[in-house]
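In full-length UniProt numbering, the protein residues as written are 1 to 371.
Glycine included, every Cβ here is placed at the ideal spot set by N, Cα and C.
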Amino acid sequence: MLASRNVRLAAGPRRAAAPGQRAPLAGRLGRRVMVAAKAQKKEIMMWEALREAIDEEMERDPTVCVMGEDVGHYGGSYKCTFGLYKKYGDMRVLDTPICENGFMGMGVGAAMTGLRPIVEGMNMGFLLLAFNQISNNCGMLHYTSGGQFKVPMVIRGPGGVGRQLGAEHSQRLESYFQSIPGVQLVACSTVRNSKALLKAAIRSDNPIIFFEHVLLYNVKGEVGDKDEVACLERAEVVRQGTDVSIFTYSRMRYVVMQAVNDLVKKGYNPEVIDLISLKPFDMETISNSVRKTRKAIIVEECMKTGGIGASLSAVINESLFNELDHEVIRLSSQDVPTAYAYELEAATIVQSSQVVDAVERVCGARVAATV
1 MLASRNVRLA AGPRRAAAPG QRAPLAGRLG RRVMVAAKAQ KKEIMMWEAL REAIDEEMER
61 DPTVCVMGED VGHYGGSYKC TFGLYKKYGD MRVLDTPICE NGFMGMGVGA AMTGLRPIVE
121 GMNMGFLLLA FNQISNNCGM LHYTSGGQFK VPMVIRGPGG VGRQLGAEHS QRLESYFQSI
181 PGVQLVACST VRNSKALLKA AIRSDNPIIF FEHVLLYNVK GEVGDKDEVA CLERAEVVRQ
241 GTDVSIFTYS RMRYVVMQAV NDLVKKGYNP EVIDLISLKP FDMETISNSV RKTRKAIIVE
301 ECMKTGGIGA SLSAVINESL FNELDHEVIR LSSQDVPTAY AYELEAATIV QSSQVVDAVE
361 RVCGARVAAT V
């Protein structure tokens with residue numbers, strides 16, 4: 001690409017070809033470069049980005065392996081390991097029995113002895129059956145062994161409210177795992193950050209619980225190259241603003257941005273922060289935003305009682321109370337089991353109209369005065 005660009009620069013200004021005449025060489029090369037660049041930036045779905053991350057890391061590091069229900073021959077419940085068993089064999093892409101506590105314990109043991117296992121939960125709700133292994137083993141072994149063992153493993157899978165999946169398959173377990181010492185929590189939200197974050201999680205020496213939302217697997221977007229790895233502890237400023245800070249993560253990022261479209265039309269200028277790291281929080285980014293806008297709204301799909309928003313609200317109030325001009329507002333799911341009926345399901349989780357109402361309530365008087 002660089003050589004083609006140099007040819008064009010050396011050839012001087014581009015001239016249009018006369019009718020019936022071929023375009024100058026530099027122009028043809030330039031167009032080929034542009035076409036090649038566009039081809040490299042093709043859009044893929046999130047499940048494909050996650051599969052790419054796993055494939056590239058398994059190719060890069062022979063200690064990386066995958067285990068879980070139907071991850072091998074079936075390719076995973078959402079195809080994130082599709083076809084990988086053909087490339088790496090049944091021992092590195094291992095189909096397990098339907099026994100979450102069993103294969104989670106096996107993953108911890110594999111990590112202790114030098115492997116880097118990626119343990120897939122077919123649904124994050126099922127990982128409650130492996131809570132003992134995640135809490136007492138995965139999270140604590142580095143400490144209880146006096147640093148003799150590390151547990152470099154990734155626990156990943158789909159969660160969140162889908163489309164009429166019922167109460168048991170619509171769990172949001174972020175807050176369950178947040179209280180476990182020794183584990184990090186990461187929630188991806190876009191095609192690009194899903195790949196870059198998963199690659200970083202696989203390379204980390206810490207146990208990472210990696211949350212993927214069931215409704216985001218078919219979201220399309222571009223990804224970075226093989227060398228792009230994201231910071232696991234860094235939030236993303238999705239949109240710069242001055243009126244109010246909206247903190248969110250996972251699928252709620254899209255609900256918030258839908259609300260932002262309406263808010264901008266009404267004259268508001270909200271700042272949107274995708275938390276990404278749910279444990280630990282990126283307090284530098286959070287603090288900078290709150291100090292700028294002096295107002296905070298937290299939008300989450302987690303339950304209101306004891307959720308991620310409850311923890312973040314407490315931290316903001318404890319460390320940034322004097323920076324606030326308004327109490328922290330939390331928009332969370334209702335503390336009820338998720339209904340199967342579509343209308344009832346939608347009523348239990350946050351909708352974009354609620355985000356608009358919250359922003360108007362928090363900073364409506366000041367905005368109205370400036371119109």
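Contact check, residue i vs residue j, beta carbons under 8 Å
| i | j | result |
| --- | --- | --- |
| L94 | C65 | yes |
| K273 | I246 | With the sequence shown as reference, residue 273 is identified as Ile, and Lys is not the correct amino acid for it. Going by C-beta atoms, I273 is nearer than 8 Å to I246. |
| E300 | S277 | no |
| residue 372 | K220 | Residue 372 lies beyond the residue range present for the chain, which begins at 1 and ends at 371; the question has no answer from this structure. |
| V186 | A167 | no |
| A111 | M67 | no |
| S175 | G83 | no |
| G157 | M104 | no |
| L275 | Y254 | no |
| K79 | W47 | yes |
| D282 | E318 | no |
| G160 | V229 | no |
| A49 | S194 | yes |
| M140 | G182 | yes |
| K226 | E56 | yes |
| P270 | V359 | yes |
| T81 | G89 | no |
| L324 | V362 | no |
| I208 | Q184 | yes |
Residue nearest to residue i in terms of C-alpha spacing, selected from the options
| i | options | result |
| --- | --- | --- |
| Q178 | P152, I134, Y88 | I134 |
| E222 | E323, S189, E212 | S189 |
| Q240 | E343, Y268, S77 | Y268 |
| Q258 | K42, Y342, R60, V356 | V356 |
| C99 | Y78, G114, T113, F126 | F126 |
| K42 | V191, P97, R172 | V191 |
| I286 | A339, D335, E236, L263 | E236 |
| A53 | V362, F211, G224 | G224 |
| D243 | D61, G114, G364 | G364 |
| E212 | S145, G162, V264 | G162 |
| G114 | T144, Q148, Y143 | Q148 |
| N288 | E345, N136, S204, L320 | L320 |
| R203 | Y74, G309, T63, N136 | T63 |
| I155 | L128, E345, V359 | L128 |
| G102 | R92, M91, R116, A130 | A130 |
| R116 | D61, H169, S170, L344 | D61 |
| G309 | S353, K266, L173 | L173 |
| N206 | R92, T338, H142, Y217 | H142 |
| V256 | N218, S353, C231, R92 | S353 |
Helix, strand or coil at residue i [DSSP, three-state]
| i | result |
| --- | --- |
| H213 | strand |
| V359 | helix |
| A235 | coil |
| S353 | helix |
| T293 | helix |
| R330 | strand |
| T285 | helix |
| G105 | helix |
| M140 | coil |
| T348 | helix |
| R156 | strand |
| residue 429 | Here the chain has residues from 1 to 371 only, and residue 429 is not among them. |
| G364 | helix |
| E120 | strand |
| E343 | helix |
| S4 | Low per-residue confidence applies at S4: pLDDT is 37, beneath 50, and the placement is therefore not dependable, though the value from the model is reported in the following sentence. Residue state, collapsed to three classes: helix. |
| E323 | helix |
| A187 | strand |
| G125 | helix |
| residue 373 | The structure shown does not extend to residue 373, since the chain is modelled only from 1 to 371, so the question has no answer here. |
| G68 | strand |
| V244 | coil |
Buried/exposed call for residue i, threshold 16 Cβ in 10 Å
| i | result |
| --- | --- |
| K279 | buried |
| V151 | buried |
| L165 | buried |
| M303 | buried |
| G12 | Confidence at G12 is low in this model, with a pLDDT of 38, below 50, so the placement of that residue is unreliable and no value is reported for it. |
| A347 | exposed |
| M252 | buried |
| A26 | With a pLDDT of 48 at A26, under the threshold of 50, the modelled position of that residue is not reliable, and the figure given next carries that caveat. Buried, since its Cβ has 16 or more Cβ neighbours within 10 Å. |
| T144 | exposed |
| S77 | buried |
| V336 | exposed |
| V264 | exposed |
| A196 | buried |
| G146 | exposed |
| M58 | buried |
| E345 | buried |
| Can you find at least 3 beta carbon pairs, one from the region 280 to 296 and one from the region 322 to 332, that sit closer than 8 Å? | They touch, by the three-pair rule.
| Three or more C-beta pairs closer than 8 Å, one from the region 68 to 77 and one from the region 113 to 124: is that the case here? | yes
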